[in-house]
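In this note's numbering, the protein residues as written are -11 to 320.
Here is the structure we will look at.
In structure tokens form, the structure reads like this:
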């Protein structure tokens, strides 16, 4: 399958050659740029040339999220790829173009970690406000109120997976019917080379099942299949999407999940910037404050080494007593 790449990419590489850059450097640049280009074409499910001016910040964030969560790239490698794309953006800007302008808004991961800031987790009050809004029609238009009962449980379940079980955006997106064990109150999470079982409490199992049963039978994911569990909703037809190409329900995209979360945060009148990672951070910090052994927590959240928890452990150690009280209580 051939992909059509914008001509400016080759022009940029030619410019680097004229500047006398080493062939190894140019080869690495081409690899990183093509890697992103292939990812973008695959994500948009097209082989046609993409106008890079249409690339969004959300897409760039998803790309870097995949490098971290799915490919497990080293921070140094991710920062290199970020730098390559940023230099390409600067080249475009010098030509009076701005196709990759959103890259300037995405910060590369830090080589050395810093403690989490208060803006990177939710307080008890914020959690209560968010969960209260999820089941209400506050801030919805008349048209949205009409379709809200169909996907209300879906949205609530997604956010609870982030906040109450510490799942990543990528893990939630990839949940399939084979991973859902209603009879055992379990979901199976597969990430990288790890497989772990998450025990759902009875309330959340019932929430997941209620959402599942609200999907009309003709488009409902099939038991013991690879059908996706988190399904996209078709607002025009007022039903859940079916993918005729894949002959299965249409999986809700990571971008759509992000947009849904932003909408629910806005409806709850919470501060901007709350993301799936914010909710996962809240779960990890809350669990540490409950004196759960770090090795047990590592297994729960799918880390491969206790070193991955160091930033969170050091953050908890630095917390003041009032911060702990705001975070520790379980209001969900």
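Note that CB positions come from ideal geometry on N, CA and C, so glycine has one too.
Just so it is clear, the structure is predicted and the values come from calculations on it, not from any experiment.
For residue 225, there is no enclosing alpha helix (DSSP H), since its DSSP letter is neither H nor E. If you draw a straight line from the Cα of residue 208 to the Cα of residue 199, it is about 10 Å long. Looking at the backbone, the Cα of residue 269 and that of residue 19 are separated by about 33 Å. Separation of the CB atoms of residue -4 and residue 80 is rounded to 6 Å, and the pair is thereby assigned contact status at 8 Å. 8 Å or more divides the Cβ of residue 206 from the Cβ of residue 239. Around the CB of residue 8, fewer than 16 other CB atoms lie within 10 Å, so the residue is classed as exposed. Excluding five sequence positions before and after residue 117, the CB atoms of its chain that fall closer than 6 Å to its own CB belong to 256, given in chain order. Between residue 306 and residue 294, the CB-CB gap reaches or exceeds 8 Å.
Residue pairing of residue 219 in beta bridges, as defined by DSSP: 239. Only residues of its own chain outside the window of five on either side were considered, and among them 220 have a CB closer than 7 Å to the CB of residue 244, listed in chain order. Inter-segment contact for the segment 20 to 36 and the segment 46 to 57 is present: three or more beta-carbon pairs are separated by less than 8 Å. Check the Cα spacing between residue 120 and each of 141, 131 and 242: the tightest is with 141. One thing to note: residue 228 has its Cβ no nearer than 8 Å to the Cβ of residue 135.
By the criterion of a C-beta distance shorter than 6 Å, residue 153 is surrounded in its chain by 186, once the five residues flanking it on both sides are discounted. Rounded to the nearest whole angstrom, the C-alpha separation of residue 156 and residue 273 is 15 Å. Across the structure, residue 1 and residue 14 are spaced so that their CA atoms are roughly 7 Å apart.
In the three-state reduction of the DSSP assignment, residue 184 falls in the strand class.
Below 8 Å, enough C-beta pairs join the segment 257 to 267 and the segment 100 to 111 to call them touching: three or more. Note on geometry: alpha-carbon atoms of residue 144 and residue 38 lie some 34 Å from one another. Residue state for residue 169 is assigned as strand, using DSSP reduced to three classes. In the DSSP assignment, residue 70 falls within the unbroken alpha helix (DSSP H) covering 63 to 82. For residue 269, the enclosing alpha helix (DSSP H) stretches over residues 264 to 277. In summary, residue 236 is buried, with 16 or more beta-carbon neighbours lying within 10 Å of its beta-carbon over all protein chains present. In the DSSP assignment, residue 176 forms a beta bridge with 185.
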